[in-house]
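Engineer: First the structure, then my questions, so here it is.
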Amino acid sequence: MTDQEMITDFISSEKKMSANYDIFASECVSIPLRDEFLKLFNRSHQTQTELFQTAQSKGWYQPEQAPENKISQAYQKYSSQQPT
2 MTDQEMITDF ISSEKKMSAN YDIFASECVS IPLRDEFLKL FNRSHQTQTE LFQTAQSKGW
62 YQPEQAPENK ISQAYQKYSS QQPT
């Protein structure tokens, strides 16, 4: 397995784990246990960021840049919505 394949696999695994931690925390009755899941969730996001930065710096992961008009449309759509 190449370094690129390992980093890609690690990123995918972290995404799945953080999604699970989010679900576990939101459905947890025990507040102390919920707080532990949230700590794991935050650590998982930090790990994802570090893996992403590594992959990006090596040229293995280059997210496509959104066209300016799409960014403007999204901004207008969501900035006009008021929280309820």
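Those letters in the sequence shown? Residues 2 to 85, by our numbering. Where a beta carbon is used, it is the ideal one built from N, C-alpha and C, also for glycine. Computed from a prediction, not measured in an experiment: that's the story for all the values here.
Output needed for ASP23: all residues of its chain with C-beta closer than 7 Å, excluding positions within five of it in sequence on either side, in chain order.
Structural biologist: PHE42
Engineer: Just checking my contact of GLU15 with THR48 at CB under 8 Å: how many whole Å lie between their CB atoms?
Structural biologist: 5 Å
Engineer: Thinking just about the alpha-carbon of each residue, which of SER81, GLU37, MET2 and HIS46 is nearest to the one in MET18?
Structural biologist: HIS46
Engineer: How would you write the range of the alpha helix (DSSP H) that GLU69 sits in, first residue to last?
Structural biologist: 69 to 80
Engineer: Suppose you measure from the CA of ASP4 to the CA of PHE53; what does that come to, to the nearest Å?
Structural biologist: 13 Å
Engineer: Closest to GLU69 by C-alpha separation, out of SER81, ILE8 and GLN77, would be which residue?
Structural biologist: GLN77
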